[in-house]
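These protein sequences, in sequence, are chains A and B.
Residue numbering for the first sequence follows the numbering used here, beginning at 1 and increasing consecutively.
Residue numbering for the second sequence follows the numbering used here, beginning at 1 and increasing consecutively.
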Amino acid sequence: AQTVTQSQPEMSVQEAETVTLSCTYDTSESDYYLFWYKQPPSRQMILVIRQEAYKQQNATENRFSVNFQKAAKSFSLKISDSQLGDAAMYFCAYSPGGSEKLVFGKGMKLTVNP
Amino acid sequence: SQTIHQWPATLVQPVGSPLSLECTVEGTSNPNLYWYRQAAGRGLQLLFYSVGIGQISSEVPQNLSASRPQDRQFILSSKKLLLSDSGFYLCAWSVLGGISSEQYFGPGTRLTVT
Numbered sequence: 001a002q003t004v005t006q007s008q009p010e011m012s013v014q015e016a017e018t019v020t021l022s023c024t025y026d027t028s029e030s031d032y033y034l035f036w037y038k039q040p041p042s043r044q045m046i047l048v049i050r051q052e053a054y055k056q057q058n059a060t061e062n063r064f065s066v067n068f069q070k071a072a073k074s075f076s077l078k079i080s081d082s083q084l085g086d087a088a089m090y091f092c093a094y095s096p097g098g099s100e101k102l103v104f105g106k107g108m109k110l111t112v113n114p
Numbered sequence: 001s002q003t004i005h006q007w008p009a010t011l012v013q014p015v016g017s018p019l020s021l022e023c024t025v026e027g028t029s030n031p032n033l034y035w036y037r038q039a040a041g042r043g044l045q046l047l048f049y050s051v052g053i054g055q056i057s058s059e060v061p062q063n064l065s066a067s068r069p070q071d072r073q074f075i076l077s078s079k080k081l082l083l084s085d086s087g088f089y090l091c092a093w094s095v096l097g098g099i100s101s102e103q104y105f106g107p108g109t110r111l112t113v114t
């Protein structure tokens, strides 16, 4: 079965510093997609970044970037220049290519300290 | 652009009462539609998904049901609520037949069963 593991339930970071959120997944598929979602206190899930498994280049969206290690089945999210608005729950998610469904990790709470 | 609506935003219902939560999507056709539940401090549990009108897949046997009477409308129902049905309910959509199941979420409904 495909699983997504976020081993750190909580992390904190100082404003303006960099933080890395870890995620590992288990799959036998070769074609798949990985996502990071953010859930702020409003609780609406927001897509932060997406990575296609066939791409070697790590995805980047402004202050957010990923470190995708396919062989290690690792997909970490780096947030640079952390801002107070980055405080949220972060969920890692996996989707096999062509699937209608996402498999979510249990989430991690990020606190940003001023 | 596409938008997704959910209502009501908040609902308090007594045990044994019926439930109807509605989700509609605008700006796209033939979307995949999803219902998730999130218990306090927990991850997302996929309840139902639909790839077309009248086509519903249930992920977890339970007290709830889903219907899709129109292309962009997804309804979550219950005939008799249980205390355990309390939670935060999220609706999401993705592109039908899309390469990845990149999903976009609505603002959610907070349900409290008393």
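Beta carbons are placed, not taken as given, at the ideal position from N, Cα and C, and that holds for glycine.
These figures come from a predicted structure and were not determined experimentally.
- Residue-level contact check: Phe48/B does not touch chain A, since none of the beta carbons of chain A fall below 8 Å from its beta carbon.
- Excluding its 5 nearest sequence neighbours in each direction, Lys78/A has C-beta neighbours in its own chain below 6 Å: Thr20, Ser65, listed in chain order.
- Under DSSP, Glu17/A forms no beta bridge with any residue.
- A residue is called buried once 16 or more other Cβ atoms fall within 10 Å of its Cβ, and Ile75/B is buried on that count.
- Proximity of Met108/A to chain B, defined by a Cβ-Cβ separation below 8 Å, is not satisfied.
- For Phe75/A, there are no C-beta contacts with chain B under 7 Å, since the nearest C-beta of that chain is about 14 Å from it.
- Close partners of Met45/A in chain B (Cβ separation under 7 Å): Leu90, Phe105.
- Per DSSP, the unbroken beta strand (DSSP E) holding Asn67/A starts and ends at 64-69.
- For the region 64-92 of chain B, the residues whose beta carbon sits under 9 Å from a beta carbon of chain A are, in order, Phe88, Leu90, Ala92.
- Interface flag for Glu15/A against chain B is unset, since no Cβ pair is found closer than 8 Å.
- Of Thr114/B, Ala66/B, Val95/B, the smallest CA-CA separation from Ser29/B is found for Val95/B.
- Per DSSP, reduced to three states, the secondary structure at Ser84/B is helical.
- Of the other Cβ atoms in all chains shown, 16 or more fall within 10 Å of the Cβ of Gly105/A; this residue is therefore buried.
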